[in-house]
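Undergrad:
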Amino acid sequence: LSGLGDGTLTLTLALTDPAGNASVPFTATTQKLTATVDKPAPVAPPPVATVDGATVTGAVTTNGDGSRTTTVTIEASTGTRVEDTSTANPDLADVPVVREQVVDRQTGQVSTQTTLTVSVSTGVAVTATGGAERQTAAQALTGLTGLIAAIEARTDEGTAARGTLTGGGSGFLSVLSAQAQLLVRAIDFTAPGVAAGQAVQTKVTGTTLGGTGPTSTAPTAVVLNTTGLTGPVTIQLDNVEFAAVVGNATLVGGDGEQIVYGDDHEQYMHLGEGDDLLHGGGGNDTITSAGGNDTLYGDEGDDLVHGGEGDDWLFGGSGNDLIGGGTGGDRGFGGEGDDVLFGEEGDDTLTGNEGNDTLSGGAGNDLLFGEDGDDLLYGDEGDDTLSGGAGNDTALGGSGHDLIALGSGNDLGLGGDGNDTLFGEEGDDTLFGGAGDDVLHGGAGNDVLFADGGADTLWGGSGADVFAFGRNSGGSVVMDFEVGVDRLAFYEAGIELGAVIRSARVEGGNTTLDVGGGNRITILGQTGNVAAWFG
């Protein structure tokens with residue numbers, strides 16, 4: 003018995019009698035049944051029909067290049083529509099806009115299947131147009147009935163919206179397999195039977211024929227045009243591999259892996275469990291996903307980007323964006339503008355990029371990079387690494403054992419709980435170790451270092467630095483005090499300077515001082531006139 007990599011299973015049987023005589027081996031091979039199909043053949047729509055209570059018309063026309071275009075129109079229904087109870091959605095008219103003949107390679111059986119359905123609420127009309135036959139990626143890129151042509155027909159030449167959508171469509175086509183046969187439809191919505199400003203509900207449902215996502219051999223791409231609507235529209239999008247959205251829309255649902263690009267209108271996208279790629283485009287968008295390892299872009303505008311479950315990549319783009327990682331180990335990038343990034347759960351990496359950004363790691367061991375601008379970084383729970391970058395930054399370690407590097411600029415660093423390590427680097431920095439046994443490095447510039455809890459180790463670096471102590475600074479050590487340049491100080495009221503000076507002891511070439519209650523600090527490598535060290 004043997005299994006082969008091509009999906010076959012081979013059984014070889016031979017019999018041997020007690021005398022040792024063997025029979026001729028018998029071999030049988032079976033092949034695993036799959037849903038592999040040949041290129042689906044189009045089924046022409048009827049000229050007119052009533053489908054789920056809606057009047058539907060269809061036509062096929064021939065173009066100048068010999069290609070054919072199929073047009074299916076769903077007329078707006080009224081409140082007297084008679085529901086077909088056998089359809090999926092009791093409150094919507096479920097209309098198959100594409101039906102195709104499919105041949106199973108294994109059985110040779112021919113079946114007619116619905117491969118694209120549009121479901122609309124009362125008062126909503128739809129026109130669905132596209133090539134009668136499925137297309138290769140090359141045909142969809144350049145053909146009269148292709149994906150790019152459908153986008154260009156609904157956007158203005160030279161606009162950012164056209165560039166975003168055609169770029170997204172071209173990128174999608176570039177990742178399709180050579181065997182892929184693409185179904186393309188432009189779906190234009192109007193609402194002649196709906197009061198101005200009234201919300202409407204729709205659904206666009208593809209098929210799992212050939213698999214799902216960009217690896218499907220029978221993918222579906224749609225251009226959703228909502229500019230004919232006057233009110234908000236919600237579109238549930240299932241098993242559609244690519245969608246370009248023209249106009250304001252809320253997209254929900256999202257069975258399967260999907261790639262969605264929005265234009266310069268405001269879009270709300272909240273798709274499902276697959277590994278999705280979503281682009282908000284221009285406008286102030288909300289881009290979220292329920293699950294999967296997603297890649298989400300706010301693009302231009304002031305956007306909300308949220309990863310949900312899974313390990314996500316989140317990009318704010320230009321504008322002042324709000325980014326939330328959700329669960330999982332996420333990577334968030336603010337881009338241009340003054341952004342706010344929350345890692346939430348998981349071990350996250352957050353980068354502010356340009357602008358004055360606010361980064362909060364949340365739970366987990368996080369990496370936070372402020373980069374340009376005056377940033378606020380908060381590690382929160384876990385053992386975090388915070389890097390301020392350029393600008394005058396504030397970094398708060400939170401709980402855990404944190405590493406804080408403040409970069410250039412005049413920065414403020416607070417270690418918080420745990421045994422933290424802080425680097426002021428360039429600029430005139432102020433460093434607080436917080437609770438725990440911390441290590442503080444001032445770096446270049448005139449820095450102020452606070453040993454404010456635990457046995458801290460302080461390195462001022464170059465510049466005229468101030469080392470500040472309180473009663474709870476016992477066990478702290480100043481490693482590089484330079485007499486005549488650096489100074490000692492107290493941050494806590496009530497400490498008697500004279501008593502501290504009188505408590506000075508020289509031990510092994512180092513000076514120790516009692517800052518109260520028997521808590522001693524050490525000035526490494528220095529002896530002499532202690533009173534002159536305070537200023």
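Residue numbers in the sequence shown follow the working numbering, run continuously in steps of one, and reach 537 at the last position. Backbone N, C-alpha and C define an ideal beta-carbon position, used for all residues, glycine too.
1. Report the rounded CA-to-CA distance for Asp439 versus Asp386, giving the unit in angstroms.
2. Pull up the DSSP beta-bridge partners for Thr513, would you.
3. Could you say which of Leu175, Thr228, Gly444, Phe536 lies nearest to Val1 if we only look at CA atoms?
4. What span of residues does the beta strand (DSSP E) with Leu483 cover, start to end?
5. Which term fits Val485, buried or exposed, when burial requires 16 or more other beta carbons within 10 angstroms of its beta carbon?
6. So, is Gln108 buried or exposed, given that buried needs 16 or more other C-beta atoms within 10 angstroms?
7. So, helix, strand or coil for Thr360, using DSSP?
8. Strictly by DSSP, which residues pair up with Arg333?
9. In the DSSP output, what is His281 paired with across the bridge?
10. In chain order, what residues of the same chain have a beta carbon less than 6 Å from the beta carbon of Leu352, not counting five sequence neighbours either side?
11. From this set, His267, Asp296, Asp266, Gly285, which residue's C-alpha is nearest Leu273's C-alpha?
12. Would you identify the three-state DSSP class for Thr129, choosing helix, strand or coil?
13. Who are the near neighbours of Trp461 in its chain, counting only those whose CB is closer than 6 Å to its CB and skipping five residues on each side?
14. Could you tell me the alpha carbon to alpha carbon distance between Glu102 and Ala142, rounded to whole angstroms?
15. To which residues does DSSP link Arg83 through a beta bridge?
16. Does the beta-carbon distance from Ile189 to Val177 come in below 9 Å?
17. Distance check for Val53 and Thr73, CA to CA, integer angstroms please.
18. If you draw a straight line from the C-alpha of Asn322 to the C-alpha of Ala46, how long is it?
19. What's the gap between the Cα of Asp106 and the Cα of Thr210?
20. Which residue from Asp359, Gly415, Val84, Gly381 puts its Cα closest to that of Gly375?
21. Which value, in whole angstroms, describes the spacing of the CA atoms of Thr232 and Val242?
22. Out of Gly465, Ala457, Ala466, state which residue places its alpha-carbon closest to the alpha-carbon of Arg473.
23. Determine the contact status of Asp287 and Asp277, defining contact as a CB-CB distance below 9 Å.
24. Tell whether a beta-carbon distance below 9 Å holds between Thr204 and Val235.
25. Note the first and the last residue of the continuous beta strand (DSSP E) segment covering Glu154.
26. Are the Cβ atoms of Leu451 and Gly429 separated by less than 9 Å?
27. Report yes or no: do the stretch 148-156 and the stretch 81-94 share at least 3 C-beta pairs separated by less than 8 Å?
28. By DSSP, does Val242 sit in helix, in strand, or in coil?
29. Output yes or no for whether 9 Å exceeds the beta carbon distance between Leu378 and Asp265.
30. For Thr210, which of helix, strand or coil comes out of DSSP?
31. On a Cα-Cα basis, can you pick out the residue from His267, Ile76, Gly256 that is closest to Thr556?
TA: So, from the data block:
1. The residue labelled residue 439 in the question sits at position 437 within the sequence shown. The residue labelled residue 386 in the question sits at position 384 within the sequence shown. One C-alpha to the other measures close to 16 Å.
2. Stepping through the sequence shown from its first residue, residue 513 is reached at position 511. Paired residue(s): Val508, Ile525.
3. Residue 1 lies beyond the range of the chain shown here (3 to 537); nothing can be said about it.
4. Here residue 483 corresponds to residue number 481 of the sequence shown, with the count starting at 1. Before going further, note that residue 483 is Phe rather than Leu in the sequence given. Where Phe483 is concerned, there is no enclosing beta strand (DSSP E), given that its DSSP letter is neither H nor E.
5. Stepping through the sequence shown from its first residue, residue 485 is reached at position 483. The residue in question, Val485, is exposed, as its Cβ has fewer than 16 Cβ neighbours within 10 Å.
6. On the sequence shown, residue 108 is found 106 positions in, with the first residue counted as 1. Exposed is the call here.
7. Numbered from its first residue, the sequence shown carries residue 360 at position 358. Thr360: strand per DSSP, three-state reduction.
8. Start at 1 with the first residue of the sequence shown, and residue 333 comes out as number 331. Note: Arg333 sits in a beta bridge opposite Trp315, Thr351.
9. One-based indexing of the sequence shown puts residue 281 at position 279. His281 is bridged to Tyr263, Tyr299.
10. Stepping through the sequence shown from its first residue, residue 352 is reached at position 350. The residues are Gly334, Leu343, Gly345, Leu361, Leu370.
11. Here residue 273 is taken as the residue at index 271 of the sequence shown, counted from 1. The residue with the shortest Cα to Cα distance from Leu273 is Asp296.
12. For the purposes of this step, residue 129 is taken as residue 127 along the sequence shown, with counting starting at 1. It is a strand residue.
13. Here residue 461 is taken as the residue at index 459 of the sequence shown, counted from 1. Correct list, in chain order: His443, Met481, Asp482.
14. The residue labelled residue 102 in the question sits at position 100 within the sequence shown. The residue labelled residue 142 in the question sits at position 140 within the sequence shown. Taking the straight line joining both Cα atoms gives about 18 Å.
15. Within the sequence shown, numbered from 1, the residue matching residue 83 stands at position 81. For Arg83, which the question treats as bridged, DSSP gives no partner whatsoever.
16. Against the sequence shown, residue 189 aligns to sequence position 187. Against the sequence shown, residue 177 aligns to sequence position 175. Going by C-beta atoms, Ile189 is not nearer than 9 Å to Val177.
17. Translated into positions along the sequence shown, residue 73 becomes position 71. Translated into positions along the sequence shown, residue 53 becomes position 51. When rounded, the distance between both Cα atoms is 16 Å.
18. On the sequence shown, residue 322 is found 320 positions in, with the first residue counted as 1. On the sequence shown, residue 46 is found 44 positions in, with the first residue counted as 1. Answer to the nearest angstrom: the Cα atoms are 49 Å apart.
19. Taking the sequence shown and counting its residues from 1, one reaches residue 106 at position 104. Taking the sequence shown and counting its residues from 1, one reaches residue 210 at position 208. Taking the straight line from one Cα to the other gives about 14 Å.
20. Your numbering for residue 375 matches position 373 in the sequence shown. It is Asp359 whose Cα lies nearest to the Cα of Gly375.
21. Mapped onto the sequence shown, residue 232 falls at position 230. Mapped onto the sequence shown, residue 242 falls at position 240. Looking at the two C-alpha atoms, the distance is approximately 25 Å.
22. Start at 1 with the first residue of the sequence shown, and residue 473 comes out as number 471. With distances taken between Cα atoms, Arg473 lies closest to Ala457.
23. As a working mapping, residue 287 is identified with position 285 in the sequence shown. As a working mapping, residue 277 is identified with position 275 in the sequence shown. It is not a contact, given that the beta carbons lie outside the stated cut-off.
24. As a working mapping, residue 204 is identified with position 202 in the sequence shown. As a working mapping, residue 235 is identified with position 233 in the sequence shown. For Thr204 and Val235, yes; Cβs fall inside 9 Å.
25. On the sequence shown, position 152 is the one that residue 154 refers to. Premise fails: Glu154 lies in the alpha helix (DSSP H), 149-154, not in any beta strand (DSSP E).
26. Numbered from 1 along the sequence shown, position 449 holds the residue referred to as residue 451. Numbered from 1 along the sequence shown, position 427 holds the residue referred to as residue 429. In this structure, Gly429 does not lie closer than 9 Å to Leu451 by Cβ.
27. no
28. For the purposes of this step, residue 242 is identified with residue 240 of the sequence shown, where counting begins at 1. Correct three-state label for Val242: coil.
29. In the sequence shown, residue 378 corresponds to position 376, counting from 1. In the sequence shown, residue 265 corresponds to position 263, counting from 1. Cβ atoms of Leu378 and Asp265: not closer than 9 Å.
30. Taking the sequence shown and counting its residues from 1, the one referred to as residue 210 is at position 208. The answer is coil: DSSP assigns Thr210 none of H, G, I, E or B.
31. Outside the shown range of the chain (3 to 537) lies residue 556, about which nothing can therefore be said.
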